[in-house]
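Here the sequence shown stands for residues 670 to 981, numbered as in our numbering. Positions of the beta carbon are idealized from the N, C-alpha and C atoms, including for glycine. Have a look at the structure below, then the notes.
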Amino acid sequence: MALSEEPFLPRRSAWETITLWSPEGVVVDGSESTSVRVSWEAVEDADYYTVSFSAAVGDDQEGLCRDDSHSANVTVVDVPTASITVGEDVGSNDTSSLRAYTTYSVTVVAFSDKWGKTVGSEATRLTTLQRGSAAVTGRVTVGSLSSTVISVQWSGLSPCRLVNGVIVRYRVQYRAKSSGLVAGSKEVTGNWSSGAETELSGLTPSTNYSIAVAAVNEQGDVGVYSHPVTVRTLPGSTSKESRNSVIIGATMACIGIVLGFSGAVIGCLFYNRSSLSKQRVNTKVNTEDNQAYGVHETPNPNESSTEETKDE
């Protein structure tokens, strides 16, 4: 029997499996705040792929919640690319979205209906971008200090998984209850874990205001506002500044009255003295004038007759 020149090929047993190549060239694009895109090189014979995201813990976590685990995944068929959304309010059981400002480890696994799945790709790290905080401040406390000033206090944000970024300040917004329109706002420096306090001034006396507070991250994204709290300013003007103004005004008025009265008294005295001086001058002038014009006193005729009789 002639030997066959064809090479000998061992027959594959029924239990033997074929190992697929692990996906390579994984690229993670997190340049958008609302989604993450992942791409890789296609694997031969792969029917679908699963991209897994696992939140880092401890020092590997660049976000705020270092001990809060979270995972998500997305499956795509035939194509070597996938996209997943980044949400602002992602719970622990939500596996279809990523959290904002959270570090994830990303791996890709290929599956074959015929040969099974591959070993996962080499892990790639990603920190999602910041978004507006979905966490609200703790209890907001308000008080009316005067007819135009109110005080506002609040505690930090909770829970940390919904903070979604680096908080650098808070925005306090107030509305007039009668119109519902925003009357103004004020920003106060603060971080996510501790609260802050401030005063709102220039308000209208005897007016109801609705106060709400929201966190602002370092990118300027404004988060969700707290539940509004109502406060009413006091009637009239009772502030320290107003009292000082009234006191100063009254003092100046009193000084003006005193100075005016003193001036009137001095004027009267000066007038009386001037009148007396004028009378003395007129008397002297009249006497001198009489002498100049030969005006003399007429002697009493009775006195003259008496003197003549005595002589006789």
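Quick one: residues in its chain with C-beta nearer than 8 Å to the C-beta of ARG901, no 5 flanking neighbours on either side, listed in chain order?
Start at 1 with the first residue of the sequence shown, and residue 901 comes out as number 232. Cβ neighbours of ARG901 beyond the five flanking positions: SER813, SER875, THR876, ASN877 and TYR878.
Across which residues does DSSP place GLN822 in a beta bridge pair?
For the purposes of this step, residue 822 is taken as residue 153 along the sequence shown, with counting starting at 1. Looking at the DSSP assignment, GLN822 forms a beta bridge with THR810 and GLU866.
Please work out which residues of its chain come closer than 6 Å, Cβ to Cβ, to VAL882, disregarding the five sequence neighbours upstream and downstream, and give them in chain order.
Walking along the sequence shown from the start, residue 882 turns up at place 213. Cβ within range, chain order: THR806, VAL809, TRP823, TYR839, VAL841 and SER895.
Does the Cβ of PRO828 have 16 or more other Cβ atoms within 10 Å, making it buried, or fewer, making it exposed?
As a first step, residue 828 must be located in the sequence shown, where it is residue number 159. When all chains shown are included, PRO828 counts as exposed.
Going by other Cβ atoms of all chains shown within 10 Å of its Cβ, with 16 needed for buried, is LEU826 buried or exposed?
Reading the sequence shown from its first residue, position 157 is the one you call residue 826. Buried is the call here.
Got a sec, what are the start and stop residues for the beta strand (DSSP E) ARG844 sits in?
Here residue 844 refers to the residue found at position 175 of the sequence shown. Taken as a continuous stretch (DSSP letters only), the beta strand (DSSP E) holding ARG844 covers 836 to 845.
DSSP on ASP698, reduced to helix/strand/coil?
Counted from its first residue, the sequence shown places residue 698 at position 29. If DSSP states are grouped into helix, strand and coil, ASP698 belongs with the strands.
Assuming VAL821 contacts LEU869 (C-beta within less than 8 Å), just tell me the rounded distance between them.
Looking up residue 821 in the sequence shown gives position 152. Looking up residue 869 in the sequence shown gives position 200. Confirmed, about 7 Å.
If you drop the 5 nearest sequence neighbours on each side, which residues of the same chain put their C-beta closer than 6 Å to that of VAL759?
In the sequence shown, the residue the question calls residue 759 occupies position 90. The residues are SER766 and ARG768.
Helix, strand or coil for ALA779? Go by DSSP, reduced to three states.
One-based indexing of the sequence shown puts residue 779 at position 110. Strand.
Given that a residue counts as buried once 16 or more other Cβ atoms are within 10 Å of its Cβ, and exposed if not, what is THR899?
Translated into the one-based positions of the sequence shown, residue 899 becomes position 230. Exposed is the call here.
Run through the DSSP bridge pairs and tell me what THR858 is partnered with.
Within the sequence shown, residue 858 is the residue found at index 189, counting from 1. Partner(s): ARG838.
Start and end of the beta strand (DSSP E) containing SER766?
Position 97 of the sequence shown, counted from the first residue, corresponds to residue 766. Residues 766 to 768.
Taking the Cβ atom as the reference point for each residue, do GLY892 and ALA751 lie within a distance shorter than 8 Å?
Sequence index remark: in the sequence shown, residue 892 carries index 223 (1-based). Sequence index remark: in the sequence shown, residue 751 carries index 82 (1-based). Not a contact, by the Cβ cut-off of 8 Å.
For the putative contact between THR787 and TYR770, defined by C-beta atoms under 8 Å, what is the C-beta separation to the nearest angstrom?
As a position in the sequence shown, residue 787 is number 118, starting the count at 1. As a position in the sequence shown, residue 770 is number 101, starting the count at 1. About 31 Å; that fails the 8 Å criterion.
Please classify GLY727 as buried or exposed, where buried requires at least 16 other C-beta atoms within 10 Å of its C-beta.
Mapped onto the sequence shown, residue 727 falls at position 58. Classification of GLY727: exposed, given that the 10 Å Cβ count is below 16.
Can you pull the DSSP bridge partners for SER848?
Counting from one through the sequence shown, the residue named residue 848 turns up at place 179. Paired residue(s): none; SER848 is not in a bridge.
Would you kindly report the start and end of the unbroken beta strand (DSSP E) that includes ASN886?
Here residue 886 is taken as the residue at index 217 of the sequence shown, counted from 1. That run of the beta strand (DSSP E) goes 877 to 886.
For VAL695 versus THR793, is the C-beta distance shorter than 8 Å?
Within the sequence shown, numbered from 1, the residue matching residue 695 stands at position 26. Within the sequence shown, numbered from 1, the residue matching residue 793 stands at position 124. Yes, Cβ-Cβ distance for VAL695 and THR793 is below 8 Å.
With DSSP as the reference, identify every bridge partner of VAL718, one or two as the case may be.
Residue numbering aside, residue 718 sits at position 49 when the sequence shown is read from its first letter. With the sequence shown as reference, residue 718 is identified as Tyr, and Val is not the correct amino acid for it. TYR718 is bridged to VAL745 and ALA779.
Please determine, among GLU866, TYR843, ASN860 and PRO692, the residue with the shortest C-alpha to C-alpha distance to ALA852.
Along the sequence shown, one-based indexing puts residue 852 at 183. Ranking GLU866, TYR843, ASN860 and PRO692 by Cα distance to ALA852 puts TYR843 first.
Considering only residues of the same chain and omitting the five flanking positions on each side of TRP709, which have a CB-CB separation below 8 Å?
By 1-based counting over the sequence shown, the position of residue 709 is 40. Correct list, in chain order: PRO692, GLU693, GLY694, VAL695, VAL696, TYR718, PRO749, THR750, VAL777 and SER790.
For ASP890, I'd like the list of residues in its chain whose CB is within less than 7 Å of its CB, leaving aside the five on either flank, ordered along the chain.
To locate residue 890, count along the sequence shown from 1; it is residue 221. Same-chain partners within the cutoff: GLN799, ARG800, GLY801 and GLY834.
Quick check: the Cα distance between ASP698 and VAL705, rounded to an integer number of angstroms?
Position 29 of the sequence shown holds residue 698. Position 36 of the sequence shown holds residue 705. Taking the straight line from one Cα to the other gives about 6 Å.
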